[in-house]
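Okay, so here's the structure we're looking at.
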Amino acid sequence: MNVHVSENGGLSMKISIGIILPALVGLLMLASVACGAGEPDRVSVTLALDWYPNSNHLGLYIAEEKGYFADENLDVNLYTPVDPSTVLQTVGAGSDDFGISYQPDVLLARAQGVPVVSIAGMVQHPLNSVVALKSSGITRPSDLKGKKVGYPGIPTNEPLLDTMLKFDGLAGLDDVELVNVGFDLAPALISGRVDAVVGAYWTHESILLENEGYPVTVLRMEEWGVPDYYELVIVASEEKLANDPELVERFLRAVRRGYADA
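All letters in the sequence shown, in the order written, are residues 9 to 270 by the numbering used here.
Put into structure tokens, the structure is as follows:
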């Protein structure tokens, strides 16, 4: 994988990936450490989600419900941070043991010295998209010129949107007004607070909006100049991976079982 983070915050990458699987894929092979006879000690760990619970997290909750974490002597606290942009910082600082984030954000964080690493890939292709109500008449990135675009405050939404705008002939982010709406992507769109949103998943927010009676137009990033990338990854700190690989392995083994069932 070749990655380049430009001085102006732009992001370009070339990623070779295999076949999409419906279960968790891309698990790292971790070296086990000898821990003596008997079961490992019971440990409590935290997992910070990237978003409020949704279908992308199904395997995690199955692992919890079916006792797969318990089988590994793990008590796992899955929670949603108040600010979804803080996951990499809390994991890097050791406040959380594991987190779910986005590959481009991990790359940018590491370039900025945040000691986090991806330890498993959950979704191998982009889910992120720009979503607008059909009634807005927005059908392509260039239609966003002069419009308000809501986003959840997650860093890489900016360079990703910038790439889409430039790909369709605009100057980039200077042609739109970004509005940080946090988790409230759909409400901000419905209320008219913004004209479109970026950071919405075509597998989640767009479906919710359609089910609520709001037909939408979805602009998928990979169709508008953004290179392919892993959308969701599980992250840990460099320190956690180096000092307790056995714990990481136990956690991932339970996660893998959950997603196999999902």
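Glycine included, each C-beta is placed from N, C-alpha and C at the ideal position.
query	result
Ordered list of alpha helix (DSSP H) runs contained in the segment 117 to 186, each at least 4 residues	165 to 175
Opposing strand residues paired with D83 [DSSP bridges]	S52
For E254, the three-state DSSP class (helix, strand or coil)	helix
C-beta contact flag for T171 and V114 at 7 Å	no
Straight-line gap, R261 to G107 (C-alpha atoms, nearest Å)	16 Å
Cα-Cα separation between D105 and D151, rounded to whole angstroms	42 Å
Cβ contact check for the segment 80 to 100 and the segment 120 to 132: 3 or more pairs under 8 Å	yes
Same chain only: Cβ atoms within 8 Å of S137, ignoring 5 sequence neighbours per side	V206, A208, Y209, W210, S214, V226, L227, R228, M229
Buried versus exposed call for S40 [16 or more other C-beta atoms within 10 Å across all chains shown]	With a pLDDT of 44 at S40, under the threshold of 50, the modelled position of this residue cannot be trusted; read the value that follows with caution. Answer is exposed; the Cβ neighbour count stays below 16.
Simplified DSSP assignment, three categories, for V189	coil
V256 beta carbon less than 7 Å from that of S109	no
Identity of the residues DSSP links to Y209 by a beta bridge	N136
Same chain, Cβ closer than 7 Å to Y60, neighbours up to 5 away in sequence not counted	T88, F191
Neighbour-count burial assignment, D182, 16 or more Cβ in a 10 Å radius	exposed
Beta-carbon proximity list for K174, same chain, < 8 Å, skipping 5 on both sides	G180, G233
Y69 versus L82 - alpha carbon distance	14 Å
Reduced DSSP category for D269 - H, G, I as helix; E, B as strand; rest coil	helix
Contacts around I28, its chain only, beta-carbon distance under 8 Å, and the 5 residues preceding and following it disregarded	Unreliable positioning characterises I28 in this predicted model, as indicated by a pLDDT of 32, which lies under 50. The coordinate reading is nonetheless provided below. Cβ within range, chain order: Q132, H133.
Through-space distance from R265 to K156, alpha-carbon basis	42 Å
Assigned secondary structure, S103 (DSSP; H/G/I helix, E/B strand, else coil)	coil
Residue range of the alpha helix (DSSP H) that includes L66	66 to 73
Contact set for D49: own chain, Cβ-Cβ below 8 Å, skip 5 residues either direction	N81
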